[in-house]
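In our numbering, the protein residues as written are 1239 to 1566.
Right, one structure below, let's go through it.
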Ligand code: AHG
Ligand code: MN
Ligand code: MN
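Here's what the structure looks like:
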């Protein structure tokens, strides 16, 4: 990554950052900037709701399941509503897919952008006050405007993302994203109500000594090369770290160097993580930071999705560690 990307001082607000980068996007500049602002606004609203969890009745199950069969928490649905509302209002986004919504949402406007979103990632951690996230991808609409959206507007390869990122609600709240020119992280300054540049031009170390996998699935991993790799990590006495919120696990490994693995298992033969709502966005960010993401065979960003809620194995993080899987 070129150092020329570090051209704005730490402490600059997200708004100013976006404005200063507009010259890098010759078309639809204003609309794209507004879309990023809409995401930041929804993040602030969700952050506010999450901070109240425990004090008001927004924790626990909503008593329903999503299309992946996961139990939906009240906060999953609340965050879903908040993001959809923020994205609908601006008019820049014409269509949304969400982990919490069965089918695509056609906003029936002339917006140029499609958004894929996991409103709350790591929702099993909500009720126990452990870090959760929001993961998002932005694509350009493919079909002609003034016509109804079609599924192929959404089923785009991760490589087609024009921006992607995540929000991490943790010791502090952070927005980390890439528009395809490196990765930058912004920390939410509560008293100002602003995201402020805190981690400019984030780079992922080529290698590391952290491995992140749910050890409880060890015996049901299907791919032998993955089993061997996990044993290799143990032989090397790498440090095991696993939060159970993908965005948080990836964020740590992005900053410190490491690998995250969610392989195919007997319970989840095609992997558990959703390509369109989780893996693509994080793969885009990691690759922009110099890391790598695969499904064990090909780069995550090169997978042609065939359905909105499809899952895939995910191996993501420091490049050399991901490359090591499968090498005896
Ligand atoms: P979500 O809360 O959006 O359903 O995502 C949960 C995901 C991901 O965040 C996490 O890394 C993984 O599921 C954890 O799965 P296990 O509990 O099977 O380890
Ligand atoms: Mn998730
Ligand atoms: Mn989720």
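For every residue, glycine included, the Cβ atom is placed at its ideal position computed from N, Cα and C.
Secondary structure remark: continuous beta strand (DSSP E) runs of at least 3 residues inside the region 1317-1375, in chain order: 1331-1336 and 1351-1359.
Only residues of its own chain outside the window of five on either side were considered, and among them 1337, 1354, 1355, 1356 and 1373 have a CB closer than 7 Å to the CB of residue 1515, listed in chain order. As the crow flies, the alpha-carbon of residue 1499 is around 9 Å from that of residue 1464. Look at residue 1559 here: in three-state DSSP terms it is helix. Burial check for residue 1448: the Cβ neighbour count within 10 Å reaches 16 or more, so the residue is buried.
Taking a cut-off of 8 Å for Cβ pairs, the region 1542-1553 and the region 1425-1435 do not touch, as fewer than three such pairs fall below it.
For residue 1470, the uninterrupted alpha helix (DSSP H) run begins and ends at 1462-1473, by DSSP.
Runs of the alpha helix (DSSP H) spanning 4 or more residues and lying entirely within the region 1417-1496 occur at 1462-1473 and 1484-1494, in chain order. Look at residue 1358: its beta carbon is less than 7 Å from one of the heavy atoms in ligand 1.
In the three-state reduction of the DSSP assignment, residue 1379 falls in the coil class, being assigned neither a helical nor a strand state. Taking each of 1298, 1327 and 1332 in turn and checking the Cα distance to residue 1316, the smallest one comes out for 1298.
Annotated three-state conformation of residue 1499 is strand, per DSSP. Distances from the alpha-carbon of residue 1520 to those of 1262, 1287 and 1405 put 1405 closest. In the three-state reduction of the DSSP assignment, residue 1564 falls in the coil class, being assigned neither a helical nor a strand state.
In the DSSP secondary-structure assignment, residue 1414 is bridged to 1404 and 1423. For residue 1519, the enclosing alpha helix (DSSP H) begins and ends at 1518-1526.
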